[in-house]
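Remarks on the structure that follows.
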Amino acid sequence: AVVEAASRIDVRRNPRSYALAQQIAQRYPDMQQRADAMAERFRAQALRYTLQPKPLDLHHSVDSFLFDKREGYCVHFAASFVLFARMAGVPARVITGYKGDLANSVKNYLIIKEKDAHAWAELLIDGAWQRVETTAFASKVSADRGTQSSQDDADTQGSLLLKKINLYLMYIKYEIETWILHYSHFRQMQLLEEARKNPGFLLKFLLAIVLLLLLVIVAIRVLRRPSCSDRVLCTMRPLLAALRKQGYEREDGETMHAFLCRYLDDFPQCREIAEIDRLYERIRYGGEDTTGAHLRLQEEIRLATIRSGRA
Numbered sequence: 004a005v006v007e008a009a010s011r012i013d014v015r016r017n018p019r020s021y022a023l024a025q026q027i028a029q030r031y032p033d034m035q036q037r038a039d040a041m042a043e044r045f046r047a048q049a050l051r052y053t054l055q056p057k058p059l060d061l062h063h064s065v066d067s068f069l070f071d072k073r074e075g076y077c078v079h080f081a082a083s084f085v086l087f088a089r090m091a092g093v094p095a096r097v098i099t100g101y102k103g104d105l106a107n108s109v110k111n112y113l114i115i116k117e118k119d120a121h122a123w124a125e126l127l128i129d130g131a132w133q134r135v136e137t138t139a140f141a142s143k144v145s146a147d148r149g150t151q152s153s154q155d156d157a158d159t160q161g162s163l164l165l166k167k168i169n170l171y172l173m174y175i176k177y178e179i180e181t182w183i184l185h186y187s188h189f190r191q192m193q194l195l196e197e198a199r200k201n202p203g204f205l206l207k208f209l210l211a212i213v214l215l216l217l218l219v220i221v222a223i224r225v226l227r228r229p230s231c232s233d234r235v236l237c238t239m240r241p242l243l244a245a246l247r248k249q250g251y252e253r254e255d256g257e258t259m260h261a262f263l264c265r266y267l268d269d270f271p272q273c274r275e276i277a278e279i280d281r282l283y284e285r286i287r288y289g290g291e292d293t294t295g296a297h298l299r300l301q302e303e304i305r306l307a308t309i310r311s312g313r314a
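Residue numbers for the sequence shown follow the working numbering, so the first one is 4 and each next one is one higher.
Now the structure itself:
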């Protein structure tokens, strides 16, 4: 049944390909030589690998790919070669899967991305299936493929450490899902057996739990930290909090200058507040939004909060 399915073909749909396949079959009675001749013929067609091919004539897909459009990606190469092989009397099938990269692996965990999807052909020769990497028949690779590869290389060189960190974080997530979210009696027995055989495993496990708890605590603190898109207002927050403790709350619609002046009316001797008001105005409206200006503002706020704490 498998051989029958791998030999099924409608010879009327691709007359040009069928005629060429029959010529090769008659010239090469040996199956291996026939397969080599078919591969050589595909290489001679000046095929182009592209991720953005022109649409094929689906009623004559092999003829359209091999003689007219002469471009496509892995599925076009594999499907056309398989049908051509069947026309030549060689049982063939399309195989699809993923090309995994060991650089994206941690122990038994391997990341497979959508862009790793691939298709190739297998020919039945002398009772065994032989893999054929059909995209190798392409004599040209389009710019879209090359650009993506160059970008991938640049990304790899520029952010290798970040990618490695992300890989380990995903591995930790996988371990959490495996051992905690999907924890079962079987997993429990596995854990106990490993702890019995290897005392060091229990220590590693406990350290991992402690590390996980610390990561959760840090994540919670980071997520709870209020975001601030206004840099100068972020700098002012410690001062506003200190003045709030003294009973001075900035009112809705009140400018920072008016608020600080209101405080200075009650405490005119507080020169730090006056300097903070001046720096704030220059940063906010005077075009001095520099690191140096922010550092001076932070120092004045530090002094002012110390003074307010003593008050």
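Where a beta carbon is used, it is the ideal one built from N, C-alpha and C, also for glycine.
Length-filtered (4 minimum) alpha helix (DSSP H) runs lying within the region 257–307: 259–269, 274–288
So what does DSSP say about V207, is it helix, strand or coil? The residue labelled residue 207 in the question sits at position 204 within the sequence shown. The sequence given here places Lys at residue 207; Val does not occur at that position. Here K207 sits in helix by DSSP.
Endpoints, the beta strand (DSSP E) within which V97 is located: Your numbering for residue 97 matches position 94 in the sequence shown. For V97, the uninterrupted beta strand (DSSP E) segment begins and ends at 95–101.
Close beta carbons around L195, own chain, < 7 Å, minus the five adjacent residues each side: By one-based count along the sequence shown, residue 195 stands at place 192. Cβ within range, chain order: n/a, list empty.
Anyone know if the C-beta pair for S145 and L50 falls short of 8 Å? Residue numbering aside, residue 145 sits at position 142 when the sequence shown is read from its first letter. Residue numbering aside, residue 50 sits at position 47 when the sequence shown is read from its first letter. Taking 8 Å as the Cβ cut-off, S145 and L50 do not qualify as a contacting pair.
Helix, strand or coil: how does DSSP classify Y251 here? Translated into the one-based positions of the sequence shown, residue 251 becomes position 248. For Y251, the three-state secondary structure derived from DSSP is coil.
Which listed residue (C273, R46, G250) has its alpha carbon closest to that of T138: Residue mapping note: residue 138 aligns to position 135 of the sequence shown, counting from 1. Nearest option by C-alpha distance: R46.
Whole angstroms are fine: how far does the CA of L306 sit from the CA of P271? Position 268 of the sequence shown, counted from the first residue, corresponds to residue 271. Position 303 of the sequence shown, counted from the first residue, corresponds to residue 306. Roughly 16 Å separates the two Cα atoms.
Taking just the CA atoms, how far does L217 sit from R224? As a first step, residue 224 must be located in the sequence shown, where it is residue number 221. As a first step, residue 217 must be located in the sequence shown, where it is residue number 214. Using only the alpha carbons, I get a separation of about 11 Å.
Determine whether the beta carbon atoms of A95 and A40 lie at a separation below 8 Å. As a working note, residue 95 is residue 92 in the sequence shown. As a working note, residue 40 is residue 37 in the sequence shown. Cβ distance not < 8 Å, so A95 and A40 don't count as in contact.
Note down, in chain order, each residue of its chain lying with its Cβ closer than 7 Å to the Cβ of V109, except the 5 sequence neighbours on either side. Position 106 of the sequence shown, counted from the first residue, corresponds to residue 109. The residues are L170, Y171, Y174.
Could you tell me which of F80, E197, A222, C237 sits nearest to E136, measuring between CA atoms? Here residue 136 refers to the residue found at position 133 of the sequence shown. Out of F80, E197, A222, C237, F80 has the C-alpha closest to the C-alpha of E136.
Do you know offhand how far L86's Cα is from Q48's? Start at 1 with the first residue of the sequence shown, and residue 86 comes out as number 83. Start at 1 with the first residue of the sequence shown, and residue 48 comes out as number 45. Distance between the alpha carbons of L86 and Q48 is about 16 Å.
Do three or more CB pairs link the region 199–210 to the region 238–245 at distances below 8 Å? With a cut-off of 8 Å, the region 238–245 and the region 199–210 do not count as touching, because too few Cβ pairs lie within range.
Host alpha helix (DSSP H) of V135 (start-end): Stepping through the sequence shown from its first residue, residue 135 is reached at position 132. Note, V135: premise wrong, no alpha helix (DSSP H); beta strand (DSSP E) at 131–135.
Pairs of beta-carbons, one from the region 10–24 and one from the region 63–73, closer than 8 Å: are there three or more? yes
Leaving out five residues before and five after H297 in sequence, what residues of the same chain have Cβ atoms less than 8 Å from its Cβ? The residue labelled residue 297 in the question sits at position 294 within the sequence shown. Only R234, V235, T238, I286 meet the Cβ criterion.
Is the beta carbon of E74 sitting closer than 8 Å to the one on T53? The sequence position of residue 74 within the sequence shown is 71, counting from 1. The sequence position of residue 53 within the sequence shown is 50, counting from 1. Yes; because the gap between Cβ atoms is below 8 Å, this pair is in contact.
May I ask which residues mark the beginning and end of the beta strand (DSSP E) holding A1? A query on residue 1 cannot be resolved here, the shown segment of the chain reaching from 4 to 314 and no further.
Cβ pair F262, R274 closer than 8 Å: Counted from its first residue, the sequence shown places residue 262 at position 259. Counted from its first residue, the sequence shown places residue 274 at position 271. No, the pair does not count as a contact, with Cβ atoms beyond the cut-off.
Let me check one thing: in DSSP terms, what residues is I128 bridge-paired to? What you label residue 128 is simply residue 125 of the sequence shown in a count that begins at 1. A131.
Taking the CB atoms as reference points, tell me whether C251 and Y266 lie closer together than 8 Å. To locate residue 251, count along the sequence shown from 1; it is residue 248. To locate residue 266, count along the sequence shown from 1; it is residue 263. As written in the sequence, residue 251 is Tyr, which differs from the Cys given in the question. Contact: yes.
Would you identify the three-state DSSP class for G149, choosing helix, strand or coil? Working through the sequence shown from its first residue, we reach residue 149 at position 146. In this predicted model, G149 has a pLDDT of only 48, less than 50, meaning its place in the structure is not dependable; the value taken from the coordinates is given anyway. Correct three-state label for G149: helix.
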